[in-house]
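Below is one structure, written out as structure tokens; comments come after it.
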Amino acid sequence: MKYDDYIWDLGGTLLDNYESSAQAFEESLKKFNIEVSHLDIYNALKHSTDYAIQKFASNIPNFLKIYKEVEREYLAQPVLFADAKRVLSEIVDNGGRNFMISHRDNHVLEILDATDIHKYFTEVVTSDNGFARKPDPQSVDYLINKYQMSNAVMIGDRLLDIKAGINAGISTIYFSNDEYLLQADQNIKSLSEILDL
Numbered sequence: 115m116k117y118d119d120y121i122w123d124l125g126g127t128l129l130d131n132y133e134s135s136a137q138a139f140e141e142s143l144k145k146f147n148i149e150v151s152h153l154d155i156y157n158a159l160k161h162s163t164d165y166a167i168q169k170f171a172s173n174i175p176n177f178l179k180i181y182k183e184v185e186r187e188y189l190a191q192p193v194l195f196a197d198a199k200r201v202l203s204e205i206v207d208n209g210g211r212n213f214m215i216s217h218r219d220n221h222v223l224e225i226l227d228a229t230d231i232h233k234y235f236t237e238v239v240t241s242d243n244g245f246a247r248k249p250d251p252q253s254v255d256y257l258i259n260k261y262q263m264s265n266a267v268m269i270g271d272r273l274l275d276i277k278a279g280i281n282a283g284i285s286t287i288y289f290s291n292d293e294y295l296l297q298a299d300q301n302i303k304s305l306s307e308i309l310d311l
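Numbering-wise, the sequence shown is residues 115 to 311 according to this note's numbering.
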């Protein structure tokens, strides 16, 4: 394997959450009698949660809090992408380490427990840690320094994940079924490809 340390994003990278999140966002908007097409919400969330809120709910106070409460129910039965558990396990079996940086709060830990992958992570950084959000490299730098990483890679499904890795000076892997990102060092369409890099 090419890397020693793998820093993962969660939603859209290991967790196939966009469909659940879009349904929760749509339900949250309906509480305010706002109708938006499911596809438009899905695509906006793939860009970022902040972008979707700015686009569809910028004038609703505390919308993020309301949406996150609804989303929590939808994510009670989380679904991983194909091969996620196998890839994480093989990294550890081959002497590597997995880390996670998520913009979500410590609810992430419940998701990792529910999907039985928590045991594969050396440390999980969430919004409750108080670091600046990606693409700011603060959380990545924290892990690099704490664990003395010299051969690390950032893996994510959005440009902000890749930029966080670039800003921290480490390699990057972009995971997407339908896009190619020139800024990333590697582009993959399935997680299993990571084992061949």
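Here a beta-carbon is modelled for each residue, glycine too, at the ideal position from N, C-alpha and C.
Keep in mind that this is a model prediction, so the values were computed, not measured.
{"Asked": "Option in Ala198, Leu305 and Ala282 with minimal Cα separation from Tyr288", "Found": "Leu305"}
{"Asked": "Residues near Lys144 in its chain [Cβ-Cβ closer than 6 Å; skip 5 each side]", "Found": "none"}
{"Asked": "Complete runs of the beta strand (DSSP E) confined to the stretch 213-287 [at least 3 residues]", "Found": "235-239 and 266-270"}
{"Asked": "Ala278 versus Tyr256: straight-line alpha-carbon distance, rounded", "Found": "12 Å"}
{"Asked": "Closest by C-alpha distance to Tyr234, when choosing among Ile174, Ser162, Asn243 and Gly210", "Found": "Gly210"}
{"Asked": "4-residue-minimum alpha helix (DSSP H) runs that sit fully inside the stretch 178-207, ordered along the chain", "Found": "198-207"}
{"Asked": "Three-state secondary structure (DSSP) of Tyr165", "Found": "helix"}
{"Asked": "Chain-order list of residues whose beta-carbon lies under 7 Å from that of Leu311 (same chain, five-residue window excluded)", "Found": "Lys116 and Gln300"}
{"Asked": "Minimum C-alpha distance to Ser241 - residue among Ile258, Val222 and Leu226", "Found": "Val222"}
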